[in-house]
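Per UniProt numbering, residue 1 is the first one in the sequence shown, and the count goes up by one each step.
First comes the structure, then the notes that go with it.
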Amino acid sequence: MAKILNLRNPSQKMSKSSPSVQSRILITDSPQEIQSKITLAVADSIKFVTYNPINKPRISNLLDIYCSITGEEKSLSKRFEGRMADELKSRLVDVLVEELRPIQVKLERLQGERTEVD
């Protein structure tokens, strides 16, 4: 699995201790928060997607996140090559929201049960 990097500064790993809340995705983030964070994620000085972790670490980080969630190989993510970065970001928002939804539902249920016990 690839190391997931900070959405604002890809020279750092993604961490909840980062001072910027825009730098990370939390399991408790709403779909709107996820969309905002991914939309604002830095994507190199290119408009088109290309996987090149050395020269284009920002857009490559978004592809790493996408492939980590979908299970696709980076070579299969060629569907985004040459496409606009906004298209990758939009699709990434969709897969993040879908991946986190069942976790968030279970978390809400457990928090509700905890309230009943208290």
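The beta-carbon is built from N, C-alpha and C at its ideal position, and this holds for glycine as well.
Per-residue burial, residue i [other beta carbons within 10 Å of its own, 16 or more giving buried]
| i | result |
| --- | --- |
| V105 | exposed |
| I27 | exposed |
| R58 | buried |
| V49 | buried |
Nearest-angstrom beta carbon gap, residue j and residue i [assumed within contact, 8 Å]
| i | j | result |
| --- | --- | --- |
| K37 | M84 | Not really, about 19 Å apart at Cβ, beyond 8 Å. |
| L96 | I25 | 6 Å |
| residue 202 | S45 | The structure shown has nothing for residue 202, since the chain only spans 1 to 118. |
| L88 | L63 | 7 Å |
| V93 | I34 | 6 Å |
| C67 | K78 | Contact doesn't hold; Cβ gap of about 11 Å is too wide. |
Sequence-distant residues of its chain with Cβ nearer than 8 Å to residue i (five each side left out)
| i | result |
| --- | --- |
| M14 | I4, L5, N6, L7, S23, R24 and I25 |
| D29 | K37 and L100 |
Three-way DSSP call (helix, strand, coil) for residue i in this model
| i | result |
| --- | --- |
| K13 | strand |
| E81 | strand |
| L5 | strand |
| E73 | coil |
Beta-carbon proximity list for residue i, same chain, < 7 Å, skipping 5 on both sides
| i | result |
| --- | --- |
| I103 | I27 |
| L40 | Q22 |
| I65 | I4 and L92 |
| E81 | V49 and T50 |
| residue 122 | Residue 122 cannot be examined here, being either before or after the span of the chain that is shown, 1 to 118. |
Close beta carbons around residue i, own chain, < 6 Å, minus the five adjacent residues each side
| i | result |
| --- | --- |
| P10 | P57, R58 and N61 |
### Task
Quick one: which unbroken alpha helix (DSSP H) runs of 4-plus residues sit fully inside the region 15-60? Chain order, please.
31-40
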